[in-house]
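Participant: In this note's numbering, the protein residues as written are 715 to 965. Sharing a structure below in structure tokens format, with a few things to ask.
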């Protein structure tokens, strides 16, 4: 792009514009491009079953959430970003344990040549918090935990705070579609505001609309979101998408 200076392949373009990961970009291109039928991806598309969270996964995810939250509280650059988005509210930051990934998680793990270190690395890879190389997936992003039906963090959402990070929006895989932002809202109110993104829902929460949650983009209504509405008897849904073509079509 001559305007912003960003380059890459068609896959990189879809990842950036649609805010999806590599495997999902491949799927989207295969579905929407008539010229990609014979394309062989650089890496295998992940078709593995959704992760089943074990007690070990749950315990480690909680520790990672707490660590990223502590990092955020000590990171001027992350705090500057949320302030620019109007989210510098201590209650919000504490309630949702907003975090930041500064690539220091690896230094807190036991040595890789110990049984404990090897086990933690395996669990982190299974949670997709780190890549097979050991690098953190959400590096350079402000992080919002997404909870399962038991209000336990099961996925993480990361929002890039710099244009240098390729995809602005990044959701860790986790149990597919299971994580929701602000799950307590469903039990607290029969009326729910649903936004395109976690940042939008957090903004509504910050300004008094506490019964706010998010889907995964304009086409990202998940079974978990619908099940939460049914389980708690949601009577009214306010669709708060952007007033553009994608938002209107998604609504």
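Note that CB positions come from ideal geometry on N, CA and C, so glycine has one too. Just so it is clear, the structure is predicted and the values come from calculations on it, not from any experiment.
Have a look at the DSSP bridge pairing and note the partners of residue 1017.
Facilitator: In the structure as shown, the chain starts at 715 and stops at 965, and residue 1017 therefore has no counterpart that could be examined.
Participant: Let me make sure I understand the geometry here. Which of 887, 865, 853, 778 has the alpha-carbon closest to that of residue 977?
Facilitator: Examination of residue 977 is not possible in this model, given that the chain is present from 715 through 965 alone.
Participant: Is there contact here, the region 796 to 808 with the region 824 to 837, by at least three beta-carbon pairs under 8 Å?
Facilitator: The answer is no - the region 824 to 837 does not touch the region 796 to 808, with fewer than three Cβ pairs under 8 Å.
Participant: What is the rounded straight-line gap between the Cα of residue 928 and the Cα of residue 730?
Facilitator: Computed Cα separation, rounded: 20 Å.
Participant: May I ask you to report which of helix, strand or coil DSSP gives residue 839?
Facilitator: Residue state, collapsed to three classes: helix.
Participant: Cα separation between residue 728 and residue 920?
Facilitator: Each residue's alpha carbon lies about 31 Å from the other.
Participant: Give me, in chain order, the residues of the same chain whose beta-carbon lies closer than 7 Å to that of residue 961; leave out the 5 immediate sequence neighbours on both sides.
Facilitator: Result list for residue 961: 910, 932, 955, in chain order.
Participant: Between the alpha carbons of residue 817 and residue 949, how many angstroms are there, rounded?
Facilitator: When rounded, the distance between both Cα atoms is 43 Å.
Participant: Nearest to residue 786 by alpha carbon, out of 803, 811, 774?
Facilitator: It is 811.
Participant: Give me, in chain order, the residues of the same chain whose beta-carbon lies closer than 6 Å to that of residue 886; leave out the 5 immediate sequence neighbours on both sides.
Facilitator: Excluding positions up to five away in sequence, the list reads 842, 869, 870.
Participant: Please name the residue or residues paired with residue 847 in a DSSP beta bridge.
Facilitator: DSSP lists no partner for residue 847.
Participant: Which same chain residues, not among the five before or five after residue 806, have their C-beta less than 8 Å away from its C-beta?
Facilitator: The answer, listed in chain order, is 812, 916, 919, 920.
Participant: Give the straight-line distance between the Cα atoms of residue 969 and residue 726, rounded to the nearest whole angstrom.
Facilitator: Given a span of 715 to 965 for the chain in the structure shown, any question on residue 969 remains unanswerable.
Participant: Whose C-alpha, out of 819, 944, 946, is nearest the C-alpha of residue 854?
Facilitator: Looking at the Cα atoms, 819 is the closest of the given residues.
Participant: Just the C-alpha distance for residue 752 and residue 724, rounded to the nearest angstrom, thanks.
Facilitator: With a pLDDT of only 44 at residue 752, under the threshold of 50, the placement of this residue in the model should not be trusted, and no figure is reported.
Participant: Which of the three DSSP states is assigned to residue 895 in this structure?
Facilitator: Residue 895: coil per DSSP, three-state reduction.
Participant: So if DSSP puts residue 885 in a beta bridge, which residue, or which two residues, is it bridged to?
Facilitator: According to DSSP, residue 885 bridges with 871.
Participant: What does a CB cutoff of less than 8 Å around residue 947 pick up in its chain, not counting 5 residues either side in sequence?
Facilitator: Around residue 947: 904.
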